[in-house]
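Since the structure comes first, as structure tokens, the remarks are kept for the end.
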Amino acid sequence: METVEMNSVSLKRPRSEDDVANADEIKRQKTLEKSKAENESGQSIETVTEQPEDMKSEIIPNEESEEQEEEELEDSDEDGDPESFADMMKHGLTESDVGITKFVSSHKGFSGILKERYSDFVVHEIGKDGRVSHLDDFSVPVDDEDPSEETFTVLSDEDKQRLEELQLFKNKETSVAIEVIEDTKEKRTIIHQAVKSLFPGLETKTEDRDGKKYIIAYHAAGKKALANPRKHSWPKSRGSYCHFVLYKENKDTMDAINVLSKFLRVKPNIFSYMGTKDKRAITVQEIAVLRITAQRLAHLNKCLMNFKLGNFSYKNHPLKLGELQGNHFTVVLRNITGTDEQIEQAMHSLREIGFINYYGMQRFGTTAVPTYQIGRAILQNNWNEVMDLILKPRPGAEKGYLVKCREEWAKTKDPAAALKKLPVKRCVEGQLLRGLLKYGMKNIISAFGIIPRNNRLMYIHSYQSYVWNNMVSKRIEEYGLRAVPGDLILKGATAVHIEEGDVDNYTIHDVVMPLPGFDVIYPKHKIGEAYKEMLVADNLDINNMRHKIRDYSLSGAYRKIIIRPQNVNWEVVAYDDPKIPLFTTDLDKLEGKPLPVLPTDGKFRALKMEFSLPPSTYATMAIREVLKMDTSIKNQTQLNTTWLR
9 METVEMNSVS
19 LKRPRSEDDV
29 ANADEIKRQK
39 TLEKSKAENE
49 SGQSIETVTE
59 QPEDMKSEII
69 PNEESEEQEE
79 EELEDSDEDG
89 DPESFADMMK
99 HGLTESDVGI
109 TKFVSSHKGF
119 SGILKERYSD
129 FVVHEIGKDG
139 RVSHLDDFSV
149 PVDDEDPSEE
159 TFTVLSDEDK
169 QRLEELQLFK
179 NKETSVAIEV
189 IEDTKEKRTI
199 IHQAVKSLFP
209 GLETKTEDRD
219 GKKYIIAYHA
229 AGKKALANPR
239 KHSWPKSRGS
249 YCHFVLYKEN
259 KDTMDAINVL
269 SKFLRVKPNI
279 FSYMGTKDKR
289 AITVQEIAVL
299 RITAQRLAHL
309 NKCLMNFKLG
319 NFSYKNHPLK
329 LGELQGNHFT
339 VVLRNITGTD
349 EQIEQAMHSL
359 REIGFINYYG
369 MQRFGTTAVP
379 TYQIGRAILQ
389 NNWNEVMDLI
399 LKPRPGAEKG
409 YLVKCREEWA
419 KTKDPAAALK
429 KLPVKRCVEG
439 QLLRGLLKYG
449 MKNIISAFGI
459 IPRNNRLMYI
469 HSYQSYVWNN
479 MVSKRIEEYG
489 LRAVPGDLIL
499 KGATAVHIEE
509 GDVDNYTIHD
519 VVMPLPGFDV
529 IYPKHKIGEA
539 YKEMLVADNL
549 DINNMRHKIR
559 DYSLSGAYRK
569 IIIRPQNVNW
579 EVVAYDDPKI
589 PLFTTDLDKL
599 EGKPLPVLPT
609 DGKFRALKME
619 FSLPPSTYAT
629 MAIREVLKMD
639 TSIKNQTQLN
649 TTWLR
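Shown next, in the form of structure tokens:
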């Protein structure tokens, strides 16, 4: 469930007379943003409440040193090109490139800075019971079965290193001996508990050697032991899953899970969650983990940066993707230029009418090769083009090592040579090259299959989203904001057409439109034909969306065309210091930090807004409707550059 993070972006329109008074400050903000953008090397500016397909590769267990090197490279500022970031982003996508062209509101748009600080964007998950997740309790459930606090400190760092290498089969040793310095039964018991609880898969026994007592740690069940936490050590009366609330800052969900896994020395697949959350934000969500104690999880609060774990409980079930009701957002748009009247009109429209439920820019990638083009090639069964689109050189903002890898591929078409230019091999390009190395250039299908399934499906879902966006824009242009005969509505899970006599019983908020597939029906008006025409132009048959490879067969789905956010609230606040937080977070409240003191008449104004959205709905599309601005990173960087000139 991929995320591409949204960096600080100034959503601004060309200069007007109304803006002159703020010109100096806007230039200052632009300079800051340009500097940030050039350092952060071109990430997407999209925020999504639910992101089921992620372009980040899965971390391969037991390759920690390689992962660490790759993470350092991925976090570096290298972009391998002297061009400015704005110049490079000329090759990126704009909203109109992916069918995002319409607004539903009539107010005049205004400017504002979104995510100037990641703390300006806070996401709280809404569970399937409608409860909003909050971190408000660090206490650990009392359990007589839990080991003592000394369990976490009795082993030396050297012992932990040796035990970890044994646990992960990193050396040829079959056991590790730990001398019991102060030999008492209680001390031996604590060491036994520490090894078994901190290093799942290891067993222990006590041995006498030369008159000294040693605790011997060894593998009891071979390599499978690491994947399967010890069943016999878990009390029967306790639920098998520890549920907790994860509060994280500036880290996406999968990265957070991988960090927790490394600290706990377990595999990431024992964690479950209902949805992934953004990186460049503060997010609060529920996580479940199999047979790890709350005590052990709470101990991580002492050693992890940008994470806090709390609200622990034991339950008998994991969490499932998609089980959530949605997410509640608290968003600050800084340095806004709109009048009070404009803001009131915009926010009333958002609350009463809503916004077009477009798939946002994140869905389509940030480079000159949009993900939907790769998806289209997959559906066309054109595997040479799939390979070419992923690996060929492309203009725009990319890491320097990717640029060199693509150049080598274009020159030699040699997967081994191109792979040598790529220190980060977990990326899609690296995975495809490894596949080509393994299966050969004549078996691209198998080579492509090495890429994790969710990442592969992301491409074809991107194509579906591209079609849907274009068709919804045509639908709004043709028929406006009213239900018309031939539109589709859902009755339960079944789509039916609106008949002439029933049209007055429905509003635009009832209307759905299909993502193309073999198990959907299409509108019975001009837009139904427009679907067919669009797919014909792409050499696809709308009546045959099954693929010879089952994974790539599209069944289709239905999506509401207008979303009306719930729990919409807003206020305009004044501030002087751009660095000051404009509201308190869950962590601030737990730590007793006071509310920020704001001036009544500050130099700048900010719009603080709150709203709740259902899953698979893009928050930035709601913000786009308020500001009436193109949210693409290409458009914003060009506006920023123009403004500075």
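Numbering (our numbering), first residue to last: 9 to 653. Glycine included, each C-beta is placed from N, C-alpha and C at the ideal position.
Excluding the 5 residues flanking residue i on each side, which residues of the same chain have their C-beta closer than 6 Å to its C-beta?
{"i": "I224", "result": "S183, A185, K213, E215"}
{"i": "K285", "result": "V131, T261, T291, Q293"}
{"i": "D167", "result": "I186"}
{"i": "R246", "result": "Y322"}
For residue i and residue j, what's the separation of their Cα atoms in angstroms?
{"i": "K499", "j": "P524", "result": "19 Å"}
{"i": "G107", "j": "Y474", "result": "7 Å"}
{"i": "M542", "j": "V148", "result": "57 Å"}
{"i": "Y560", "j": "L387", "result": "7 Å"}
{"i": "A426", "j": "S454", "result": "19 Å"}
{"i": "V162", "j": "A202", "result": "7 Å"}
{"i": "P460", "j": "G438", "result": "12 Å"}
{"i": "A501", "j": "V528", "result": "11 Å"}
{"i": "T379", "j": "F337", "result": "27 Å"}
{"i": "T102", "j": "T628", "result": "14 Å"}
{"i": "L621", "j": "M637", "result": "20 Å"}
{"i": "L635", "j": "L440", "result": "40 Å"}
{"i": "T639", "j": "P208", "result": "47 Å"}
{"i": "N463", "j": "T420", "result": "26 Å"}
{"i": "Q350", "j": "K568", "result": "27 Å"}
{"i": "S127", "j": "K587", "result": "10 Å"}
{"i": "D191", "j": "L298", "result": "34 Å"}
{"i": "D584", "j": "D105", "result": "38 Å"}
{"i": "N335", "j": "Q574", "result": "10 Å"}
{"i": "R125", "j": "I344", "result": "15 Å"}
For residue i, tell me which candidate among the options has the shortest Cα-Cα distance.
{"i": "P423", "options": "L410, L444, G408", "result": "L444"}
{"i": "S5", "options": "V340, V520, I382", "result": "Because the chain here runs from 9 to 653, residue 5 falls outside it and cannot be looked at."}
{"i": "V492", "options": "K136, E507, Q472", "result": "E507"}
{"i": "H555", "options": "F252, I344, Y514, L465", "result": "L465"}
{"i": "V581", "options": "L615, P401, R170", "result": "L615"}
{"i": "D348", "options": "R371, E579, K587", "result": "E579"}
{"i": "K287", "options": "R304, L312, E257, I295", "result": "E257"}
{"i": "V605", "options": "K597, R613, L590", "result": "L590"}
{"i": "P623", "options": "L358, Q333, L327, I344", "result": "Q333"}
{"i": "C311", "options": "V267, P326, L329", "result": "V267"}
{"i": "D218", "options": "S113, T197, V188", "result": "V188"}
Skipping 5 residues on each side, what residues in its chain have a beta carbon closer than 7 Å to that of residue i?
{"i": "L595", "result": "L143, Y255, K316"}
{"i": "T592", "result": "K601, L603"}
{"i": "C413", "result": "A426, K429, L430, E437"}
{"i": "L548", "result": "L387, Q388"}
{"i": "A538", "result": "M479, K482"}
{"i": "A385", "result": "E393, V394, L397"}
{"i": "E485", "result": "K110"}
{"i": "Y467", "result": "T379, I382, G383, I386"}
Can you look up residue i in the DSSP assignment and give me helix, strand or coil?
{"i": "H132", "result": "strand"}
{"i": "E211", "result": "strand"}
{"i": "H533", "result": "coil"}
{"i": "H505", "result": "strand"}
{"i": "A418", "result": "helix"}
{"i": "T592", "result": "coil"}
{"i": "R613", "result": "strand"}
{"i": "N319", "result": "strand"}
{"i": "L444", "result": "helix"}
{"i": "T338", "result": "strand"}
{"i": "G120", "result": "strand"}
{"i": "L523", "result": "strand"}
{"i": "V411", "result": "helix"}
{"i": "E331", "result": "coil"}
{"i": "I452", "result": "helix"}
{"i": "K636", "result": "coil"}
{"i": "E393", "result": "helix"}
{"i": "L621", "result": "strand"}
{"i": "D674", "result": "Since the first and last residues shown for the chain are 9 and 653, residue 674 lies out of range."}
{"i": "I7", "result": "Nothing can be reported for residue 7: it is not among the residues displayed for the chain, which extend from 9 to 653."}
{"i": "R217", "result": "strand"}
*asked:* What ranges does the beta strand (DSSP E) occupy inside the stretch 227 to 304, keeping only unbroken runs of at least 3 residues that lie completely in it?
replied: For the stretch 227 to 304, whole beta strand (DSSP E) runs of length 3 or above, ordered along the chain, are 249 to 257, 279 to 281, 290 to 298.
*Which runs of the beta strand (DSSP E) fall wholly inside the stretch 173 to 212 and span at least 3 residues, in chain order?*
The stretch 173 to 212 contains these whole beta strand (DSSP E) runs: 183 to 187.
*Which runs of the alpha helix (DSSP H) spanning at least 4 residues fall entirely within the stretch 460 to 514, listed in chain order?*
Segments of the alpha helix (DSSP H) lying fully in the stretch 460 to 514: 461 to 487.
*Ignoring anything shorter than 4 residues or poking outside the stretch 534 to 603, list the alpha helix (DSSP H) runs there in chain order.*
Contiguous alpha helix (DSSP H) elements confined to the stretch 534 to 603 occur at 534 to 545, 594 to 598, taking only those with 4 or more residues.
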